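2 protein chains.
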Amino acid sequence: MKPSFKTVSSSITAPQGFFAAGVFCDIKRLGTGKGSNKGKKRDLALIVSETPATVAGMFTTSQVCAAPVKLCAEQIKKGVAQAVVVNSGNANACTGAQGLRDAKAMAQLVADQLQISAAKVFVASTGRIGVPMPMPNVKRGILAVSQLLNQSEENAQQVAEAIMTSDTKPKQIAVEFKLGGATVRIGGICKGAGMIQPGMSATGARPAALPGLHATMLGFITTDAAIDQKMLQASLREAVAQSFNRITVDGDMSTNDTVLVLANGLAGNSKLKTQNSDLKTFQSALNHVCLELAKMIVRDGEGVSRFVTVRVTGAKTQVDADRAVRAVGNSALVKTSWHGGDPNWGRILGALGYSSAKVVEEKIDVAYSEPGSKKLLFSLKRGQPTKTSFAALCKVAAQKEFDLHINLNIGSGSAILYAADLTEDYVDFNKGDVTDPTTLGG
Amino acid sequence: MKPSFKTVSSSITAPQGFFAAGVFCDIKRLGTGKGSNKGKKRDLALIVSETPATVAGMFTTSQVCAAPVKLCAEQIKKGVAQAVVVNSGNANACTGAQGLRDAKAMAQLVADQLQISAAKVFVASTGRIGVPMPMPNVKRGILAVSQLLNQSEENAQQVAEAIMTSDTKPKQIAVEFKLGGATVRIGGICKGAGMIQPGMSATGARPAALPGLHATMLGFITTDAAIDQKMLQASLREAVAQSFNRITVDGDMSTNDTVLVLANGLAGNSKLKTQNSDLKTFQSALNHVCLELAKMIVRDGEGVSRFVTVRVTGAKTQVDADRAVRAVGNSALVKTSWHGGDPNWGRILGALGYSSAKVVEEKIDVAYSEPGSKKLLFSLKRGQPTKTSFAALCKVAAQKEFDLHINLNIGSGSAILYAADLTEDYVDFNKGDVTDPTTLGG
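Residue numbers (the numbering used here), protein chains in the order written: chain Z, 1 to 442; chain H, 443 to 884.
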């Protein structure tokens, strides 16, 4: 089936009426006398809608959740947003009452600059945990960025850069489609890299299929579609369930995971408020935007050298399928074997065996394929090694991206996980350097 | 309190009436023409009691469990053992019906040599998964090792070596104590290194406090105490719950985890069959043997550079304490920070937040200390960073071994986990080399 949307250039400023900019205001307080450009990456960004927009959000289900997440979760109840201020370099997590005051002050500073209500300003942060926000720097940044807002691709890119932490590249996408006679666009940016296994929900209640999960990932999506708030929240929930909540880099869920979507209605479509074909088209485009962004996070995860799509089918239940796919995708031994290009099925069976999903060794099939290919190379059928040559399996497992297919053959539950290998570079990056605390992760 | 036992030399041959030996029979079938000593490490061992012994065991709760585990779980119902044959190099896991026939054939080969019943011969294996046992080599090994049995320290050491896989050193201990007038000894050996987070039970039912866990660890304990089988099983369960089931190297539970204890009664104590002070003395000695062996596994874990004892107190329940301590001890981000000597509390709070234990950020205390010391250096009190200097915390976190204390301050549940850092060496070792399949792990 041909997708009902096309990709267009830019990202969050592609839909009508969205303005953006990003600046450097030294949130890590590295100073400027170091002679290196290390700390000069933009670290504060602002996204603004010309008119108040309908907003939906999904947030970390961690019990230790950052001040900006608490603020967003409160504000989203009114369903209206006009601006999002985001910083990297400091997560404003584990910062107590002062942290919440600082997050609110950030919203107020933006509100003052834009002359709107602070209740319409959403805040997101990512970076080191447990360090108070450097408010003088933040204020300088907000004053500066408020003067630079425009709708250019360049400015959208500035925001995509400003939210990066250990990401090596900005992550952006935009699509365009028709709803009735109107031309609608959805644009999105995100960041990830480490602490990546989101388990977000709208309410703080952990999704049933995520028994106990674990990143900072931030995603910001803009659209000029006109859509009812409840519909937008339901659409985002479905899109996130199939994308950001289906990825893992290191199995650690963050205190700050946040996805926000702002819909300002300027495309002029007739407002989406019932289950109809227009809503389906919108959903399909939103799903695509979220999934592409989510995959970019895994591919650019800390130290990642291989991207593996793990598909579990034939599980007793959907929940079991999810447990099985996460046991495999988060096993240190499976992930190191991927790094080595080793089509090891013993470790996969090991992980399935200790998962809390029901498995029967004698029924398990394991196969490898090129990404998206239906041509499966079976290494194990019904628990028994096949005659497939080790060299043929190695050829697939040596590629930068491949698919791993696991059929438990005991039911109809299925699940997918976009996963990554575990490399020396991941360890080296995350061990940091205590003599240079700026290298220490959140 | 002074312990009621003393350490003596040797291990499994320290108690009366136990004989042992280990040989090399090339179970990995590396051949002998390679000019290297790589494959020449002993890989098959036999432990024999002069008289039939009472036996107790704890086994992996993985649903994918190796043929020898299935055989032991069956045989242990009769409660009597006289010999244990163990090999490294091949796990005999995921080997189907042939695997079980091979495990039984190993028992029969030993039985024939010793002229005892095969039902009294227990089998354990560790090594690569999914490869048929090389039975001609195994047979040659069993014939050879049966001729070499004796009670020397040297032979006990041969067994400790023969069961090693990626272990860098043999792991052995023996203690001596008085029961009534009799002098009793307990000796033990074990192996570990990778796939280490045992969750063993006597019945295959997963311990309640282990919601979904994960090594190949093998442990063999001998004693000349006279003890009732049910009492021995209960004692082993308690000892394992406080030792082997409280360690993690990489969070992966093995298909082969096995601990066996054989008690041949030759010490001549009056048989332990009720809860009395003699049983307490025995229990305390068995606990000590198991805990010391378990810690040796963590210290010699694959790539391990630091040993961290994580203590959680103040949890809502015991189960919550276990969930919290395992979330911290298995977090990739926490483990890499340990590797870097970084006393990072942000990642610890992050892991607690996504754990399935109830936590309240504003109540959490985090402290560091020297191993076993009561002098705690708090980095976090009631969710707030303390004034303790970063340098002082770094000094503790830079040591090869330290204790991490987490008080959740919301209940009386407590748990301990003996954990390790995650290093580049772990990744490098486990990625293996597909051009040399002998380097690929199980």
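Note that CB positions come from ideal geometry on N, CA and C, so glycine has one too. Treat the numbers as computed from the prediction; the structure is a model and nothing was measured.
Same chain, Cβ closer than 6 Å to residue i, five either side skipped, listed in chain order
i: Z/Asn-37; result: The predicted position of Z/Asn-37 is uncertain, since its pLDDT is 49 and thus under 50; a value taken from the coordinates is nonetheless stated next. So the list is empty, once near-sequence residues are dropped.
i: Z/Arg-323; result: Ser-355, Ser-356 and Ala-357
i: Z/Ala-208; result: Residue placement at Z/Ala-208 is poorly supported in this model, since its pLDDT is 39, which falls under 50; the coordinates still yield a value, given next. Closer than 6 Å at the Cβ level, and outside the excluded window around Z/Ala-208, lies no residue.
i: Z/Ala-294; result: Ser-243, Phe-244 and Ile-247
i: H/Thr-449; result: Val-617
Residue from the options whose Cα sits closest to the Cα of residue i
i: Z/Lys-400; options: Z/Glu-361, Z/Glu-370, Z/Phe-378 and Z/Ala-392; result: Z/Glu-370
i: Z/Gly-188; options: Z/Ser-146, Z/Val-23 and Z/His-288; result: Z/His-288
i: H/Glu-744; options: Z/Thr-336, Z/Ser-305 and Z/Val-310; result: Z/Thr-336
i: Z/Leu-218; options: Z/Asp-425, Z/Leu-109, Z/Ala-66 and Z/Ser-235; result: Z/Ala-66
i: Z/Arg-347; options: H/Val-573, H/Ala-616 and H/Ile-469; result: H/Val-573
i: Z/Glu-361; options: H/Asp-692, H/Gln-505 and H/Leu-472; result: H/Gln-505
i: Z/Leu-109; options: Z/Asn-409, Z/Gly-141 and Z/Ala-193; result: Z/Gly-141
i: Z/Val-84; options: Z/Val-159, Z/Asn-430, Z/Asn-90 and Z/Ile-27; result: Z/Val-159
i: Z/Asp-421; options: Z/Ala-182, Z/Ala-392 and Z/Trp-338; result: Z/Trp-338
i: Z/Leu-279; options: Z/Leu-30, Z/Lys-363, Z/Ser-235 and Z/Glu-74; result: Z/Ser-235
i: Z/Thr-443; options: Z/Val-359, Z/Asn-344 and Z/Lys-431; result: The requested residue 443 of chain Z does not occur in the structure, where chain Z is confined to residues 1 to 442.
i: Z/Leu-114; options: Z/Thr-126, Z/Val-86, Z/Lys-41 and Z/Gln-147; result: Z/Gln-147
i: H/Val-490; options: H/Thr-658, H/Lys-837 and H/Ile-663; result: H/Ile-663
i: Z/Ala-367; options: Z/Leu-393, Z/Val-86 and Z/Gly-350; result: Z/Leu-393
Within 8 Å, strictly: CB atoms of residue i and residue j
i: H/Asp-666; j: H/Gln-458; result: yes
i: Z/Val-334; j: Z/Val-328; result: yes
i: Z/Gln-233; j: Z/Ala-56; result: yes
i: H/Ile-689; j: H/Val-740; result: yes
i: H/Phe-460; j: H/Ile-454; result: yes
i: Z/Met-296; j: Z/Lys-171; result: yes
i: Z/Leu-46; j: Z/Ala-14; result: no
i: Z/Val-308; j: Z/Leu-404; result: yes
i: H/Phe-724; j: H/Val-701; result: no
i: H/Ser-452; j: H/Ala-681; result: no
i: Z/Ala-107; j: Z/Val-184; result: no
i: H/Thr-502; j: H/Asn-698; result: yes
i: H/Gly-636; j: H/Val-691; result: yes
i: H/Asp-784; j: Z/Gly-432; result: yes
i: Z/Ile-364; j: Z/Gly-383; result: yes
Residue i to residue j span [Cα, whole Å]
i: H/Lys-713; j: H/Leu-728; result: 16 Å
i: H/Lys-611; j: Z/Ala-332; result: 23 Å
i: Z/Cys-25; j: Z/Phe-122; result: 19 Å
i: H/Gln-671; j: H/Gln-684; result: 20 Å
i: Z/Asn-264; j: Z/Glu-292; result: 23 Å
i: Z/Lys-34; j: H/Glu-866; result: Legend: pLDDT at Z/Lys-34 = 49, less than 50; position of this residue unreliable, value from coordinates given subsequently. Going by the C-alpha atoms only, they are around 29 Å apart.
i: Z/Val-312; j: Z/Met-133; result: 43 Å
i: H/Arg-748; j: Z/Ile-227; result: 54 Å
i: H/Ala-604; j: H/Pro-578; result: 18 Å
i: Z/Lys-375; j: Z/Leu-417; result: 19 Å
i: H/Ala-861; j: Z/Ile-186; result: 46 Å
i: H/Asn-532; j: Z/Val-23; result: 58 Å
i: Z/Ala-111; j: Z/Glu-176; result: 30 Å
i: H/Val-580; j: Z/Asn-330; result: 35 Å
i: H/Ser-594; j: H/Asn-718; result: 33 Å
i: Z/Thr-439; j: Z/Asp-43; result: Unreliable placement is indicated for Z/Thr-439, whose pLDDT of 47 sits below 50; the coordinate value is still reported in the next sentence. In a straight line, the C-alpha of Z/Thr-439 is about 16 Å away from that of Z/Asp-43.
i: H/Gly-853; j: Z/Ser-166; result: 38 Å
i: H/Gly-634; j: H/Arg-543; result: 26 Å
Cβ shell of residue i (< 8 Å), same chain only, five flanking positions each side left out
i: H/Thr-828; result: Phe-820, Ser-821 and Leu-822
i: H/Thr-493; result: Gly-459, Gln-524, Asn-706, Gly-707 and Leu-708
Contacting residues, own chain, Cβ-Cβ under 7 Å from residue i (five flanking each side not counted)
i: H/Gly-855; result: Ala-757, Lys-758, Thr-759, Gln-760, Asp-762 and Ala-763
i: Z/Gly-79; result: Thr-54, Val-55 and Gln-229
i: Z/Ala-103; result: Ala-67, Pro-68, Leu-71, Asn-92 and Val-123
i: Z/Ala-97; result: none
i: Z/Ile-76; result: Val-55 and Gly-57
i: Z/Ser-117; result: Ala-111
Within chain H, the residues that residue i reaches when beta carbons sit closer than 8 Å
i: Z/Glu-424; result: Glu-866, Val-869 and Asp-870
i: Z/Arg-128; result: Gly-788
i: Z/Gln-384; result: Gly-538
Within chain Z, partners of residue i - CB distance below 9 Å
i: H/Asp-666; result: Simply none; closest approach about 35 Å.
Contacts that residue i makes with chain Z (C-beta to C-beta distance below 7 Å)
i: H/Ala-774; result: Asp-250, Gly-251 and Asp-252
Chain H contact residues for residue i, given Cβ-Cβ distances below 9 Å
i: Z/Cys-72; result: Here the premise fails: no neighbours, minimum Cβ distance about 17 Å.
i: Z/Cys-65; result: Gly-795 and Glu-803
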